[in-house]
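Right, one structure below, let's go through it.
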Ligand code: ADP
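Residue numbers (the UniProt record's numbering): 1 to 241.
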């Protein structure tokens, strides 16, 4: 499902967090939002999800204007940095939660929920942990459960806010590879936020470089270095030259 952002503005009080954001994301693409802290990445992701409303501009999913739709009606999956799992619920119940909160008409029958949860846990290769509680899992496992929950409603768009930020370097690398192959297999459209340039370059089909509420550059990872006036080089690799 393609995403089109057309002139998005967002202010918090007098502070302009996003300034005329225009961006096209093709169906099936994995897009990385890269930029320093405070550049507006999370705000943009939350606006795409419908967790925050833009002051101006339009958001289209597959050509349809979703700007006025509630977060639930947008049917996107969301993964946060700190997992946001419920401690008092088992792994299976955490994943089922994504389905339990659906409006009654869209909610599958109980038996189907059970089967769907089993399939999702198998997809993230953690079916053996269904009865455990989050406190018994490693960080990497928790994030895979969070991903399974985000995908419970079979969203076509997956949004991830610093999904690997809380994990150590080795697990980050593993999960990156794993997310990339899952993404390619299931063919959804994903946008993830990161301030880690290595992560953005390794994982993305296109990298969006943000700075002070604006988009500085949009390119395939390998093209980011190629332009002599690249803001990416200036912002992130300046010290290398
Ligand atoms: P990033 O994800 O790139 O670190 P954010 O989108 O989180 O940046 O924030 C961009 C700017 O907007 C920051 O200066 C932040 O303090 C401000 N901001 C974000 N959310 C709010 C809010 N709910 N209220 C006030 N200011 C906010």
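All C-beta atoms, glycine included, are put in the ideal place defined by N, C-alpha and C.
Candidates 145, 47, 155 and 153: which alpha carbon is nearest residue 163's?
Position 163 of the chain shown, counted from the first residue, corresponds to residue 163. Of the residues 145, 47, 155 and 153, the one whose Cα lies closest to the Cα of residue 163 is 145.
Residue burial classification, residue 209 (beta-carbon count within 10 angstroms, cutoff 16):
As a working mapping, residue 209 is identified with position 209 in the chain shown. Taking all protein chains shown into account, residue 209 has 16 or more neighbouring C-beta atoms within 10 Å of its C-beta and is therefore buried.
Backbone CA spacing between residue 1 and residue 100 [nearest angstrom]:
The residue labelled residue 1 in the question sits at position 1 within the chain shown. The residue labelled residue 100 in the question sits at position 100 within the chain shown. One C-alpha to the other measures close to 24 Å.
Quick check on DSSP: helix, strand or coil for residue 211?
Translated into positions along the chain shown, residue 211 becomes position 211. In the structure shown, residue 211 sits in a strand (DSSP, three-state: E or B).
Beta-carbon spacing of residue 33, residue 45 below 8 Å:
The residue you call residue 33 lines up with position 33 of the chain shown. The residue you call residue 45 lines up with position 45 of the chain shown. Closer than 8 Å, so yes.
Measure the CB-CB distance between residue 94 and residue 155 and report whether it falls below 8 Å.
As a working note, residue 94 is residue 94 in the chain shown. As a working note, residue 155 is residue 155 in the chain shown. Going by C-beta atoms, residue 94 is not nearer than 8 Å to residue 155.
Grouping DSSP H, G and I as helix and E and B as strand, with all else coil, what is residue 219?
Looking up residue 219 in the chain shown gives position 219. Correct three-state label for residue 219: strand.
With contact counted as at least three CB pairs below 8 Å, one residue from each stretch, are the stretch 182–191 and the stretch 12–32 in contact?
Because the criterion of three Cβ pairs below 8 Å is met, the stretch 182–191 and the stretch 12–32 touch.
Between residue 199 and residue 215, what straight-line distance do the alpha-carbon atoms span, to the nearest angstrom?
On the chain shown, position 199 is the one that residue 199 refers to. On the chain shown, position 215 is the one that residue 215 refers to. When rounded, the separation of the alpha-carbon atoms in residue 199 and residue 215 is 18 Å.
Do we get a CB-CB distance below 8 Å when we pair residue 129 with the residues of chain B?
Chain labels in this structure do not include chain B; a single protein chain is all it has.
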